[in-house]
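In this text, residue positions in the sequence shown follow full-length UniProt numbering: the first is 1, and each later residue adds one. Take a look at the structure set out below.
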Amino acid sequence: MASISEGLRSIEDTQNTISGDFVKKDKYDLSLVLRKGEFSIIRLCQDKNKTERIIKFVDEESYKAEMELTEHHIKTIRSMFDYEEDIKKFNRFNNIIDHGYLEGTKSLCIVYEKLGENLNEIRIKYKECKMDKFDALVILHDSLSIINYLHSIGYVHRSIKPSTFCHRYNSKISKDYRPIVMTNFETCCKIVDKKESKFCPKRITSFGGKNIKYCSISQHEKEKIYFPSDDIESWFYIGVLLFEGTLPWFKEKTNKDKDIINGKKKLRNTEDEIYYDKTPDFFRNYCDYFTKGSEEIDCSVICHEMMQMIHKFSRCKVSRTDLYTDERSYIP
1 MASISEGLRS IEDTQNTISG DFVKKDKYDL SLVLRKGEFS IIRLCQDKNK
51 TERIIKFVDE ESYKAEMELT EHHIKTIRSM FDYEEDIKKF NRFNNIIDHG
101 YLEGTKSLCI VYEKLGENLN EIRIKYKECK MDKFDALVIL HDSLSIINYL
151 HSIGYVHRSI KPSTFCHRYN SKISKDYRPI VMTNFETCCK IVDKKESKFC
201 PKRITSFGGK NIKYCSISQH EKEKIYFPSD DIESWFYIGV LLFEGTLPWF
251 KEKTNKDKDI INGKKKLRNT EDEIYYDKTP DFFRNYCDYF TKGSEEIDCS
301 VICHEMMQMI HKFSRCKVSR TDLYTDERSY IP
C-alpha cells in the first residue's frame, strides 16, 4: 500500500488541533527570518536530516483558519481517489510537515516543505523581466486553476501576488514542467456575501494591511468584504507583470493608494499602448470582468480560452533549452 505523503500525514492521520499538540523544540533548527507580515512571521529552518523547511508563526485565529482550510482541502482531494493513492502529486497547496504549539512556548507554528522559486524570481531571469508569452500563459493558467479550486471549496485567498505561487522542485519531474503551488494561506478566509458579512468575525471584513500593489481597486477601501472576483483581479495584475516586466505604478515608484488606483484604472483602457506592449489582446480584455462589479467570476471561461492559446503557441516550432529561461525562440 502506498503511504500518504509526508506533507499530508500530520493533518489527515493525527488530526492535530490547537488545544493540545506540540512541535518539539529541538526538532528544527531555526535560522533566517524571511518575512514578517500582519498575520505571521516566516523563518527558514532545518530538520535533523538537514532538510530545509519553512516554519511560520501565526496567531490562534489564523492557525485555526488555515487548519480548517487544509483539512477540508485534503478531504476534497481524498474523495477523488482510492485511499491507496499517493495524493501528494495532486496537492497544489504547500504541503504541511508539522504544526501545533512550539514546545515550551505559547507560539503556534506550521512547518512546510520548502518550495522553489516564486513568480518574481522566475520572471527576472528573462530579458527585461518580460516572460515569453507561452511560458507566461502556462503559469497563469496553472495559477488561475488553483485559485478557482480554492474558491470552489469555499475560500478566498486575499493576498494573491507573485510570491503566492512557487515551483515545487522534484528531481523526478522534467525541467520542462515544474508544477505551480499556492502558499501563504494565513490570509485566507471563508467566502461570504454582503448579507452574511455582518454576522461574521471581524477578520473577514477587516484586513488591516492590504496587498496594495496587487489588490483589486475595491480593496483599497477600508473594511471592504473580500469576494472571489478580488482574487481574480489580483491575478490579472500578475499576468500584466509577467508579460510587460512591470506595472504602471512600478514605473512611477509610488506606494500611495491614489497613484496605484489610478495606475490600475489605466490598465482598463486596453488599447492604451503606453501601458500595454507585450500583453496579448485577449488577456487585456479580462479586465472587463472587474468593471461589472460581480462578486464571482466564471474562471472556467478564462481557463478554456487560455488553454486554447497555449495550444496555439505550442504548435509553433520551438527551439529551447529550458521552459523557464529566455533561451527560447518561435519559428513561424
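Even for Gly, the Cβ is constructed at its ideal location relative to N, Cα and C. Bear in mind the structure is a predicted one, so any value in this text is a computation, not a measurement.
For residue i, three-class secondary structure by DSSP
i	result
ASN118	strand
PRO131	As written in the sequence, residue 131 is Met, which differs from the Pro given in the question. Correct three-state label for MET131: coil.
TYR214	coil
GLU244	helix
SER31	strand
ILE180	strand
GLU113	strand
TYR155	strand
LYS64	helix
PHE227	coil
LYS36	strand
Segment limits, beta strand (DSSP E) that includes residue i
i	result
LYS258	LYS258 -> not in any beta strand (DSSP E); alpha helix (DSSP H) instead, spanning 257-266.
GLY100	96-102
LYS312	Where LYS312 is concerned, there is no enclosing beta strand (DSSP E), although the alpha helix (DSSP H) it sits in stretches over 299-314.
ASP47	40-47
PHE81	Looking at the DSSP string, PHE81 is not in any beta strand (DSSP E), and its letter there is neither H nor E.
PHE165	165-167
Rounded C-alpha distance that separates residue i from residue j
i	j	result
ARG281	TYR28	Looking at the sequence provided, one finds Asp at residue 281 rather than Arg. So the two alpha carbons sit approximately 49 Å from each other.
SER314	ASP135	10 Å
GLN219	THR187	14 Å
SER229	MET67	24 Å
ASN269	CYS303	22 Å
GLU117	ILE261	29 Å
TYR330	LYS213	In this prediction, TYR330 scores a pLDDT of 28, lower than 50, which makes its location untrustworthy; the coordinate-derived value is nonetheless stated afterwards. Their Cα atoms are separated by approximately 32 Å.
VAL33	LEU44	6 Å
LEU137	TYR169	20 Å
GLU223	GLU84	45 Å
LYS24	SER31	16 Å
PHE90	GLU128	34 Å
LYS258	LYS50	47 Å
ASN255	PRO248	12 Å
LYS312	THR246	25 Å
LEU267	ILE191	27 Å
SER163	LYS48	27 Å
MET309	ILE180	19 Å
HIS73	ASN94	11 Å
ILE225	THR76	26 Å
TYR286	ASN211	20 Å
ASP298	ILE42	33 Å
Boundaries (first-last residue) of the alpha helix (DSSP H) holding residue i
i	result
CYS188	No alpha helix (DSSP H) holds CYS188; DSSP gives it neither H nor E.
SER107	Unbroken run through SER107: none, as it is neither H nor E.
LYS56	Run containing LYS56: none in the alpha helix (DSSP H); it sits in the beta strand (DSSP E), 52-58.
ASP281	281-284
Cβ-Cβ separation, residue j to residue i (assumed contact under 8 Å), whole Å
i	j	result
ILE110	LYS56	5 Å
LEU108	TYR63	4 Å
MET119	ILE147	It is Leu, not Met, that sits at residue 119 in the sequence shown. Rounded, the Cβ-Cβ distance is 13 Å, inconsistent with contact.
ASP21	GLY104	Actually they are not in contact, since the Cβ atoms of ASP21 and GLY104 sit about 14 Å apart, beyond 8 Å.
ARG123	LEU242	6 Å
SER145	PHE165	So it is not a contact: roughly 11 Å between Cβ atoms.
PHE81	ASP59	So it is not a contact: roughly 34 Å between Cβ atoms.
GLU113	ARG53	7 Å
PHE185	LEU69	6 Å
PHE250	GLU295	Not a contact, Cβ separation roughly 29 Å.
Checklist entry - For the region 289-302 against the region 231-248, are there 3 or more C-beta pairs whose distance is under 8 Å? => result Taking a cut-off of 8 Å on C-beta distances, the region 289-302 touches the region 231-248, as three or more cross pairs fall below it.
Next on the checklist: I'd like to know if the region 152-160 and the region 272-279 are in contact, where contact means that at least 3 CB-CB pairs between them fall below 8 Å.
Outcome noted: Flag = no, the region 152-160 and the region 272-279 do not touch.
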